[in-house]
Amino acid sequence: MIATLTTGDFIRRNGLIIAFAAILAIVALSAPTFLTVGNLLGVLRQIAIVGTIAVGVTFVVISGRLDLSVGSGLTFLSVLVVSQHNQIGPAGALAVTLCCGLLIGACNGFLVAYLRFDSLIATLAMLSLLQGVTIWYSGGANVNVADSTTWFSFFGRGSVLGIPAPVLLLVLGAAVAGFVLMRTRFGRAVFAVGGNETASIFSGIAAPRIVFATYLISGLATACAAIIMGSRVMGAQSTIGQGYELTVLAGIILGGTSLLGGYGSIWRTIVGVAMLGFIENGLILMGFPYYVQWLVTWAIVIMAVWIDLAAKRGRLLA
Amino acid sequence: MTQSLTQPALSGHKGMARTILLRSHIWLFLLAACVFFSVVSPYFLTVNNLANVLTQSAFIGILAIGMTLVMINGEIDLSVGATLALACALAIGLHNGGASAPVAIAAALLAGTAMGLLNGSLVALSGMHSFVVTLGALIGIRGLVFVYTGGNALLVNDFEYTEIPEVYLGQISLTAMIFFALVLFFQWFLTSTRHGREAYAVGDNVEAARDAGIRVGRHKLINFTLCGFLAALSGVLLSMRLGTAEPQAGRSWELWAIIAVVLGGTRLKGGYGDMWRTLGGVLALAVVQNGLRLLNTPNYVELIVMGLVLLLALGLDRIMLLGTRKGE
Numbered sequence: 000m001i002a003t004l005t006t007g008d009f010i011r012r013n014g015l016i017i018a019f020a021a022i023l024a025i026v027a028l029s030a031p032t033f034l035t036v037g038n039l040l041g042v043l044r045q046i047a048i049v050g051t052i053a054v055g056v057t058f059v060v061i062s063g064r065l066d067l068s069v070g071s072g073l074t075f076l077s078v079l080v081v082s083q084h085n086q087i088g089p090a091g092a093l094a095v096t097l098c099c100g101l102l103i104g105a106c107n108g109f110l111v112a113y114l115r116f117d118s119l120i121a122t123l124a125m126l127s128l129l130q131g132v133t134i135w136y137s138g139g140a141n142v143n144v145a146d147s148t149t150w151f152s153f154f155g156r157g158s159v160l161g162i163p164a165p166v167l168l169l170v171l172g173a174a175v176a177g178f179v180l181m182r183t184r185f186g187r188a189v190f191a192v193g194g195n196e197t198a199s200i201f202s203g204i205a206a207p208r209i210v211f212a213t214y215l216i217s218g219l220a221t222a223c224a225a226i227i228m229g230s231r232v233m234g235a236q237s238t239i240g241q242g243y244e245l246t247v248l249a250g251i252i253l254g255g256t257s258l259l260g261g262y263g264s265i266w267r268t269i270v271g272v273a274m275l276g277f278i279e280n281g282l283i284l285m286g287f288p289y290y291v292q293w294l295v296t297w298a299i300v301i302m303a304v305w306i307d308l309a310a311k312r313g314r315l316l317a
Numbered sequence: 000m001t002q003s004l005t006q007p008a009l010s011g012h013k014g015m016a017r018t019i020l021l022r023s024h025i026w027l028f029l030l031a032a033c034v035f036f037s038v039v040s041p042y043f044l045t046v047n048n049l050a051n052v053l054t055q056s057a058f059i060g061i062l063a064i065g066m067t068l069v070m071i072n073g074e075i076d077l078s079v080g081a082t083l084a085l086a087c088a089l090a091i092g093l094h095n096g097g098a099s100a101p102v103a104i105a106a107a108l109l110a111g112t113a114m115g116l117l118n119g120s121l122v123a124l125s126g127m128h129s130f131v132v133t134l135g136a137l138i139g140i141r142g143l144v145f146v147y148t149g150g151n152a153l154l155v156n157d158f159e160y161t162e163i164p165e166v167y168l169g170q171i172s173l174t175a176m177i178f179f180a181l182v183l184f185f186q187w188f189l190t191s192t193r194h195g196r197e198a199y200a201v202g203d204n205v206e207a208a209r210d211a212g213i214r215v216g217r218h219k220l221i222n223f224t225l226c227g228f229l230a231a232l233s234g235v236l237l238s239m240r241l242g243t244a245e246p247q248a249g250r251s252w253e254l255w256a257i258i259a260v261v262l263g264g265t266r267l268k269g270g271y272g273d274m275w276r277t278l279g280g281v282l283a284l285a286v287v288q289n290g291l292r293l294l295n296t297p298n299y300v301e302l303i304v305m306g307l308v309l310l311l312a313l314g315l316d317r318i319m320l321l322g323t324r325k326g327e
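Chains as they are written, first to last, in numbering that gives the first Met the number 0: chain R, 0 to 317; chain Y, 0 to 327.
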């Protein structure tokens, strides 16, 4: 049987790449300084934090859940890594932050996977809780890295062979995450649970355990992002991660990963987050005020999801 | 298994007592919170303070009314906080620009309604999930607010504008009265109009509702439009109370509105809930916030308590579901 490639199929398979190329072309043509190595590396450095979190949250979304707590989590963990750095040094601070990231993930995972709370509300409660914990921990004050000469500064400010360290970390994290999602039994189980949870349970998958694990990954990714953030800013304050959960979700949705679960990939998430980053950078280079990017994001998110949906069902309207 | 989640079954006297207890948990919680704060703070149980709580609760409360409508449909509206800011900025900006107060208010309400209509149309026409549509709108409408205000706070020139809501019935402010009137109206709307009853049908089972002849797309469109209008109304009232329009006004208030509605016991999955629950949730939220502030607790306690209360509400909801399933 010869498969005929319809327009719908073509858009569905290559739409994201076409859109990404189109946006790059438009931005490059309108802002001549866009295509300079310095600028591009700057944008990549900027999207590394959102990208790192988004890689983790992609697991949660593919399993059919949401994680709104990552913004608050980023705030808390950034404050934590900076204060611990001042108290117990860089190695201890990293260990504590990664452990706390896993702990936050475990709390979310326990509530959603084992108590079977609605993921939106449960992680919303965690958002509020973590905000409170942050202010309790820091007293609402800004924290700064006292000794900025330690190797801690590598994660946000360092570079290897001219490539910024945050970008390397993101690429490394994305590669590992992509491998786990696409090439391991666990990864396939995540898709199965998101696609049809009941069927996955009947086929012998321990769905709660899989969901729990996706939240652990999300927590760990948030901790990594917090380390990059703390190292880049060399400090933290109690609103530093506010709203990141929305940017992360917008990037994931833009990449075409379905919020209903069962479909998506790491590279799609990275492209989605990169698209948002390049649009933001391009608009600023073109001389627009920073808030114009929000209007463009609105239009692009709606268009991207609608076109994706229309291609799937072969009709524009529901 | 899941068919009778809309109306938890009453099975036997013991079951009934348990169900009533669990169904009205938000009012019991509110009562307990009021008793607790009355005992520990001498300032809580005063007419002045309680009247203040009512006024303060009205802004989130009016958002929560719209959210309840949408959530009974099984949808969600994340853009209400941004819509509130848009209405707030337009009302003050247009009034400063020479429009009379009624004209400015009408334009602000119209803009909010238009945003709701846009969200509703996108949900109905495209078949996208409302979470995606309104997440986009949350980002974009905030962008509109910044474009309109240039990112600066607007201060009203005409101070008579801030005196419009200074009408009191006893101690109760006009803002609070509007909130209660809307709760009453929309409760009537839900229980006694065709549209209201259809809201439950759509939220419970979309396919069945469609088969029964309900025009689901149009139905949801109406609810999103109402939600946008109510958000704008809350924004206009806020602009009068504050006399300023911050471009970041109402930021993350959509989350507080969702928390209030869920706290009341309305379910995110749709098909279940009413305005009394939402009123209970809104008041509980306001009483806890007010009480903790009277006790001079640092503000992180409030955030932690709200998170825990929300988890408690989710836990109760689960127990209630399990209880009804056993009763069948």
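Here a beta-carbon is modelled for each residue, glycine too, at the ideal position from N, C-alpha and C.
These figures come from a predicted structure and were not determined experimentally.
Item to complete: Please report the Cβ distance between N72(Y) and G202(Y), rounded to the nearest whole angstrom; I am assuming they are in contact, meaning their Cβ atoms lie under 8 Å.
Response: 5 Å
Does any C-beta atom of chain Y lie closer than 7 Å to the C-beta of V60(R)? no
(request) Could you list which residues in chain Y have their beta carbon closer than 9 Å to that of T296(R), in chain order? (result) G135, I138, G139 and G142
Are S217(R) and G63(R) close, meaning C-beta to C-beta below 7 Å? no
Please say whether G115(Y) and F185(Y) have beta carbons closer to each other than 7 Å? no
**Prompt:** What does G126(Y) touch in chain R if you count any residue whose Cβ is under 7 Å from its own?
**Reply:** L308 and A317
Q.
Can you look up A310(R) in the DSSP assignment and give me helix, strand or coil?
A. helix
* Anything in chain R within Cβ reach of L313(Y), meaning under 9 Å, just list it in chain order. => L110, L114, F116, D117, I120, A121 and A124
Worksheet item: Can you name the start and end residues of the alpha helix (DSSP H) that D210(Y) belongs to?
Response: V205 to D210
Check your understanding: CB-CB under 8 Å to V304(Y), same chain, minus the five flanking residues each way: which ones, in chain order?
Key -> V287 and L291
Buried versus exposed call for N156(Y) [16 or more other C-beta atoms within 10 Å across all chains shown]: exposed
Identify the continuous alpha helix (DSSP H) that holds R240(Y) and give its terminal residues. V215 to L241
| task | With 9 Å as the C-beta to C-beta threshold (strictly closer), list the residues of the segment 282 to 311 of chain Y near chain R in chain order. | result | P297, N298, Y299, V300, E301, L302, I303, V304, M305, G306, L307, V308, L309 and L310
Name the chain R residues that come within less than 8 Å of R209(Y), Cβ to Cβ?
Result: empty, since nearest Cβ-Cβ is about 11 Å, beyond 8 Å.
(request) Compute the distance between the beta-carbons of L183(Y) and A124(R), then report whether it is under 7 Å. (result) no
Mind checking whether S237(R) and G131(R) have CB atoms under 7 Å apart? no
Using a Cβ-Cβ cut-off of 7 Å, state whether V261(Y) counts as contacting chain R.
yes
| said: Within 7 Å of any Cβ in chain R, is that where the Cβ of V52(Y) sits? | reply: no
### Query
Nearest to V81(R) by CA position, among V69(R), L39(R), F151(R) and A317(R), is which residue?
F151(R)
Can you tell me whether S158(R) is helix, strand or coil according to DSSP? strand
G80(Y) beta carbon less than 7 Å from that of V281(Y) | no
Exercise for review: Compare the C-beta of F35(Y) against all C-beta atoms of chain R and say whether one is closer than 7 Å.
Suggested key: no
Practice item. Give the C-beta separation of Y147(Y) and A100(Y) to the nearest angstrom, bearing in mind that I take them to be a contact with Cβ-Cβ under 8 Å. Key: Actually they do not touch by this definition, with Cβ atoms about 18 Å apart.
Discussion item. Please report the distance separating the alpha-carbon of L315(R) from that of S120(Y).
Written reply: 14 Å
Counting contacts by CB-CB distance shorter than 7 Å, is S127(R) in contact with chain Y? yes
Please classify C98(R): is it buried, with 16 or more other beta-carbons within 10 angstroms of its beta-carbon, or exposed? exposed
Review point. For Y290(R), does the three-state DSSP call read helix, strand or coil?
Key: coil
Whether or not the segment 94 to 112 of chain R and the segment 179 to 195 of chain R are in contact is what I'm after, with contact meaning three or more pairs of Cβ atoms, one per stretch, closer than 8 Å; do they touch? no
Exercise. By the 10 Å Cβ neighbour count, where 16 or more other Cβ atoms means buried, how is G313(R) classified, buried or exposed?
Worked result: exposed
*If you check the beta carbons only, do W305(R) and G142(Y) fall under 7 Å apart?*
no
Amino acids of chain Y, ordered along the chain, whose beta-carbon sits closer than 7 Å to that of L258(R): H128, F130 and V131
So what does DSSP say about L23(R), is it helix, strand or coil?
helix
Could you list which residues in chain Y have their beta carbon closer than 9 Å to that of V291(R), in chain order?
G142, F145 and V146
Counting Cβ pairs, one atom from each stretch, are 3 or more of them under 8 Å apart for the segment 188 to 197 of chain Y and the segment 82 to 96 of chain Y? no
Inter-residue spacing [alpha-carbon to alpha-carbon] between T265(Y) and I25(Y)
11 Å
Limits of the alpha helix (DSSP H) - the one that A98(Y) falls within: Counting along the chain, A98(Y) falls outside any alpha helix (DSSP H), and DSSP gives it neither H nor E.
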